[in-house]
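Presented below is the structure to which this report refers.
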Amino acid sequence: MDYNFSEIEKKWQKVWREQQTYKVVEDASKTKFYVLNMFPYPSGAGLHVGHPLGYIASDIYARYKRQQGFNVLNPMGYDAYGLPAEQYAIQTGQHPALTTETNIAHYREQLDKIGFSFDWSREVRTCDPAYYHWTQWAFEKMFSSYFDNDQQKALPIDLLVKHFETDGTAGLHVAQSEELSFTAAEWKTYDEAQQQRTLMNYRIAYLGETMVNWCPELGTVLANDEVVNGVSERGGYPVIQKKMQQWCLRTSAYAQRLLEGLDKVNWTDAIKETQRNWIGRSEGTEIAFKVAGEAREITIFTTRVDTIFGVTFMVLAPESELVGTLTKPEKQAEVATYLDYVKKRTELDRMSDRKVTGVFTGSYAVNPFTGEEIPIWISEYVLAGYGTGAVMAVPAHDSRDYAFAKHFNLPIVPLIEGADVENESFDAKEGIVMNSPRDGKAVFEDFTLNGKTVKEAIAYTKEYVTRHGLGRVKVNYRLRDAIFSRQRYWGEPFPVYYKNGLPYMIPEACLPLELPEIDKYQPTESGEPPLGRAKKWAWDEANQCVVENERIDQQTVFPLELNTMPGFAGSSAYYLRYMDPHNTQALVGEKADHYWQNVDLYVGGTEHATGHLIYSRFWNKFLFDYGVSCKEEPFEKLVNQGMIQGRSNFVYRVNDMAKDKAPVFVSKGLKDQYDTTPIHVWVGLVKNDILDVDAFKAWRPEYEQAEFVLEEGQYHCGWAVEKMSKSMHNVVNPDDIIAEYGADTLRLYEMFLGPVEASKPWDTNGIDGCFRFLKKLWALFYGRNSDALLADDSQPTKENLKTLHKLIKKVSEDMERFSYNTSVSAFMIAVNELGQQQCHSRQVLQDVVVVLAPFAPHIAEELWHALGHSTTVCDASWPKANESYLVESEIQLTISFNGKARFQKVFPADADNATIEAEAKADERSQKYLEGKTIVKVIIVPKKIVNIVMK
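The UniProt record's numbering numbers the first residue of the sequence shown as 1 and each following residue consecutively.
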């Protein structure tokens, strides 16, 4: 009987669905195990073969843990808000909810075809009001909280108000946007508006002025990962840096706890180090430099205050408020041009790009230790959000300062023995201070660092600065507060209304505040976000309901917030909602939370290391402070799947074209003659790297009128092997693979490509091997010309048992290491051996099926039932390897003469060296090599060789 994978897979997917095989409930008699995949976004393009890689890996492990007797939670849902759906709505006029629903249905169909063991009864969608009710609730909770640095936890804002009423800001050690100082008496004189503005300085969710990536064409703020080479990833529109009032979350308050939590989780060292670097804890000193000729000061933060004698200039971040006041009149035009340039550069570009740019303000600062005047420059390599937005530049001991000084011909003064400036060895951490103070210009005569080690110099200078009131020791973090506003329609609404310009929260009992209907999904003509088009988007405070805008009177009816929340809002606590998805009274009930506790295994991509993983850990810690989550760290073990790569193609769009002019694309060989941006193009429009120009024009509406600069009548595309991604238009549809080979083959092949965590190119040429393996497995159970089952009750042979238990041992070990590629190899070897052994023993074959079931569940279920079982193979107990079957009774050694291998001979496994030597000499094959020779010695390497040395 042939292996009809199509019928088998459809049959069992239907049975699993009807019997709710994967539905799970809390069961105190079983140990829980929570497996989670990172939230997918359901785009219109559907899944490609790169998406299931992590899902298959986690599904294999979830099935394995279930077979071990665990109560396994393996849920799935959709991160359903996002810019792509909104952009499609803008282009077509179709409501994002409709396209999202269609996309989800397509995703679900594809996921079901692959045979995942997801508990769909727990499905959540971020666009469902029943779900974002709890995102809004969490936001309100953050708005009503502040962070106490002494207790290292969030507390109700009412406690802070009580402190103000009795002590003002005295004795206060809390997270804040800026340091304020007022007495209890002064606080009591503030009216409500002034008190609310003051509290905004401390709230965990707060309104603040911040620099953002602003895309005028899209009319919204973009996250760093949505900007590529200064343009939006979607649409390729220019992006500028702009200061805007935005809702922010005070993630920086949790920086130390986020660092300490990394020591408590089972993550790779690489991902931990990435987060540590992103959080960026540094212990240093804040110190003030006076502006020459003025009463003002510039405060800087440095971890190496001992190098203050090597300061030869200062640098301000372009966004610094000091830029405007320190720029001299004769420098204003030059500075304005430079600031315009920086606006088009994202922070990510500025951090990664090592090119040197800058402009002189015309002003000078005074080094507090030497009294020397040093020039104040502006440069993009200094970021406003880190430290104070100003740095003292020590070019002899910092690579970026050095590059800047060389470029602009500024002085470089080495201070430390061992610092080789010309060879760019800047940071001599173990050297001796040899040039401080320089030229005897020190303001403080009792201060000297000469002869001290760097470590001694840092400690001494910190103490000296503090003792003389020149500055203060401070711990700084690179982690910035999260910008939480988006000027979009398709996102969670803020439960906020504005009274006299100040924000107030919708009562908790009135949540969720649902998205209103609007006629268009673009910003308004006056520049307001799309929600500005809503006709019924005002809050009636008296009746506690949403009413028409025309009723706004600023007495009882007030305008609602027009921004929406970003994508990470809905994905920051979804793992908690999966625990209790139908609870209408709480995000998660205590019973469910305390049973599932946190995620035991989290699988997803490394690209989320500095975004989602930071935000979700912050969100969970905040909820932990209020007892909503019972574990401070949400994800116990993290596995990062690698990428499946595809071959991408590019077209090259000319930059700086007029806004109303059609885009122009230049063929690859001519691109260096223009200023261009590479744009990914769908590989289906390209053949042998030649673009089908007409098909390209029809592909996207914005390219309908595009113009092309060709080479000999053709448009040549660029190419690269990179991550398979819908955004890169280089995807392979898993539906096509399943139609030709089946889901089990797809599952096996994706694991067989290489280690789960490694990136690997997709190559359909190798998939045949996995398909042939499944057909060989099938042949162990069924003959070619008969439907009769070959499996019988015969006793397994020693060879059968050795093959079986070798397989069980190997796969069991691989499971814990996620070495699934070597497991697939082990399956292939085992099936080949059993086939050669003509094994039909039911005892052996059913254990092979059980071990294979997590990898290829459809064929395993079919064969399991064929063997006479009535329950699902999902609940079959995972077999244990019996080491006694793996003990060798014989060993095979190579017999060598004077180091040359001549033949192999089998010995009893327990034979001693004397027996081995005697039998090797006596073997008739040895005689022709020994004839006429004298044996000098015999060397026996255990389990390998016998070498007879002769003369």
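For every residue, glycine included, the Cβ atom is placed at its ideal position computed from N, Cα and C.
Original post:
Where does Phe-447 sit, in a helix, a strand or coil, going by DSSP?
Top reply: It is coil, neither helix nor strand.
**OP:** Would you mind sorting Tyr-22 into buried or exposed? The rule is 16 or more other CB atoms within 10 Å of its CB.
**Re:** Buried, since its Cβ has 16 or more Cβ neighbours within 10 Å.
**OP:** Have a look at Leu-180, Tyr-575 and Tyr-615 and flag the residue whose alpha-carbon is nearest the alpha-carbon of Gln-597.
**Re:** For Gln-597, the nearest C-alpha among the options comes from Tyr-575.
Original post:
Taking all protein chains shown into account, do 16 or more other C-beta atoms lie within 10 angstroms of the C-beta of Tyr-131, making it buried, or fewer, making it exposed?
Top reply: Counting of Cβ neighbours within 10 angstroms places Tyr-131 among the buried residues, the total reaching 16 or more.
Subject >> Coarse secondary structure for Met-724, derived from DSSP in three states >> reply: Residue state, collapsed to three classes: coil.
**OP:** Consult DSSP for Phe-752 and reduce its assignment to one of helix, strand or coil.
**Re:** Of the three classes helix, strand and coil, the one that applies to Phe-752 here is helix, per DSSP.
Subject >> Other residues of its chain near Asp-167: CB distance less than 7 Å, five sequence neighbours each side excluded >> reply: Taken in chain order, the residues that qualify are Ala-184.
Subject >> As assigned by DSSP and simplified to three states, the class of Leu-155 >> reply: Here Leu-155 sits in strand by DSSP.
**OP:** Tell me whether Gln-195 sits in a helix, a strand or coil according to DSSP, three-state version.
**Re:** Note: Gln-195 maps to helix in three-state DSSP.
Original post:
Of all the options Tyr-34, Ala-85, Ala-89 and Gly-54, which has the alpha carbon lying nearest to the alpha carbon of Lys-65?
Top reply: Checked all of Tyr-34, Ala-85, Ala-89 and Gly-54; the closest Cα to Lys-65 is Tyr-34.
**OP:** Look up Phe-369 in the DSSP assignment and say whether it is helix, strand or coil.
**Re:** Coil.
Original post:
Any beta-carbon of chain B closer than 8 Å to the one on Ala-193?
Top reply: In summary, chain B is missing from the structure at hand, where a single protein chain is found.
**OP:** Can you tell me which of Ile-287, Pro-634 and Arg-108 puts its alpha carbon nearest to the alpha carbon of His-468?
**Re:** When Ile-287, Pro-634 and Arg-108 are compared, the shortest CA-CA separation from His-468 is found for Ile-287.
Original post:
Which class does His-48 belong to by DSSP, given the choice of helix, strand or coil?
Top reply: In the structure shown, His-48 sits in coil (DSSP, three-state: anything other than H, G, I, E or B).
**OP:** Would you list the residues sitting across from Ser-232 in a DSSP beta bridge?
**Re:** Per DSSP, the beta bridge partners of Ser-232 are Val-227.
**OP:** Select from Tyr-81, Trp-247 and Thr-99 the residue whose C-alpha is nearest the C-alpha of Tyr-88.
**Re:** For Tyr-88, the closest of Tyr-81, Trp-247 and Thr-99 by C-alpha to C-alpha distance is Thr-99.
Original post:
Considering only residues of the same chain and omitting the five flanking positions on each side of Cys-248, which have a CB-CB separation below 7 Å?
Top reply: Here the set comprises Tyr-206, Gly-208, Thr-210, Asp-481, Ala-482, Ile-483 and Phe-484.
Original post:
In its own chain, which residues sit with a C-beta less than 8 Å from the C-beta of Glu-297, not counting the 5 before and 5 after it?
Top reply: Taken in chain order, the residues that qualify are Ala-288, Phe-289, Lys-290 and Val-291.
Original post:
Hey, how far is the Cα of Pro-523 from the Cα of Val-231?
Top reply: Their Cα atoms are separated by approximately 19 Å.
Original post:
In the structure shown, what three-state DSSP assignment does Gln-892 receive?
Top reply: Of the three classes helix, strand and coil, the one that applies to Gln-892 here is strand, per DSSP.
**OP:** Report, in whole angstroms, the separation of the C-beta atoms of Trp-682 and His-716, which I expect to be a contact under 8 Å.
**Re:** Their Cβ separation, rounded to whole angstroms, is 16 Å, which puts Trp-682 and His-716 out of contact at 8 Å.
Original post:
Near Gln-714, what residues of its chain come up, given a Cβ to Cβ distance below 6 Å and the 5 sequence neighbours on each side ignored?
Top reply: The residues are Ile-690.
Original post:
Ordered along the chain, which non-local residues of its own chain (more than five positions away) have a Cβ less than 8 Å from that of Leu-790?
Top reply: Around Leu-790: Leu-780, Phe-781, Tyr-782, Gly-783 and His-840.
**OP:** Could you tell me how far apart the beta carbons of Thr-346 and Asn-224 are, in whole angstroms, since I believe they sit closer than 8 Å?
**Re:** The beta carbons of Thr-346 and Asn-224 sit about 6 Å from each other, so the pair counts as a contact at 8 Å.
Original post:
In its own chain, which residues sit with a C-beta less than 6 Å from the C-beta of Glu-561, not counting the 5 before and 5 after it?
Top reply: Take Glu-561, set aside five residues on each side of it, and the residues of its chain with a beta-carbon closer than 6 Å to its own are Phe-494 and Val-496, in chain order.
Original post:
Taking just the CA atoms, how far does Ser-759 sit from Ala-534?
Top reply: Computed Cα separation, rounded: 46 Å.
Original post:
If you check the beta carbons only, do Trp-878 and Gln-68 fall under 8 Å apart?
Top reply: Yes. Within cutoff.
**OP:** Identify every residue that forms a DSSP beta bridge with Met-244.
**Re:** In DSSP, Met-244 forms a bridge with Thr-210.
Original post:
Between the beta-carbon of Asp-593 and the beta-carbon of Cys-630, is there less than 8 Å?
Top reply: Yes, Cβ-Cβ distance for Asp-593 and Cys-630 is below 8 Å.
**OP:** Give every residue of the same chain whose Cβ lies closer than 6 Å to the Cβ of Thr-822, excluding the five residues on either side of it in the sequence, and list them in chain order.
**Re:** Cβ neighbours of Thr-822 beyond the five flanking positions: Asp-814.
Original post:
Buried or exposed: which applies to Tyr-202, given that a residue is buried once 16 or more other Cβ atoms fall within 10 Å of its Cβ?
Top reply: Tyr-202 comes out buried.
Original post:
How is Val-906 classed by DSSP in three states: helix, strand or coil?
Top reply: DSSP places Val-906 in strand when its eight states are reduced to three.
Original post:
How should Val-721 be labelled, buried or exposed, when 16 other C-beta atoms within 10 angstroms of its C-beta is the threshold for buried?
Top reply: Exposed is the call here.
**OP:** Grab the span of the alpha helix (DSSP H) containing Lys-272 for me, first residue to last.
**Re:** Where Lys-272 is concerned, the enclosing alpha helix (DSSP H) stretches over 269 to 279.
Original post:
By Cβ distance, which residues of its chain are closer than 6 Å to Asp-353, with the 5 residues on each side in sequence left out?
Top reply: Correct list: empty, nothing qualifies.
Original post:
My guess is that Ala-538 and Ile-552 are in contact by the Cβ rule of under 8 Å, so how many angstroms apart are they, rounded?
Top reply: Taking a contact as a CB-CB distance under 8 Å, the pair Ala-538 and Ile-552 counts as one, their CB atoms being some 5 Å apart.
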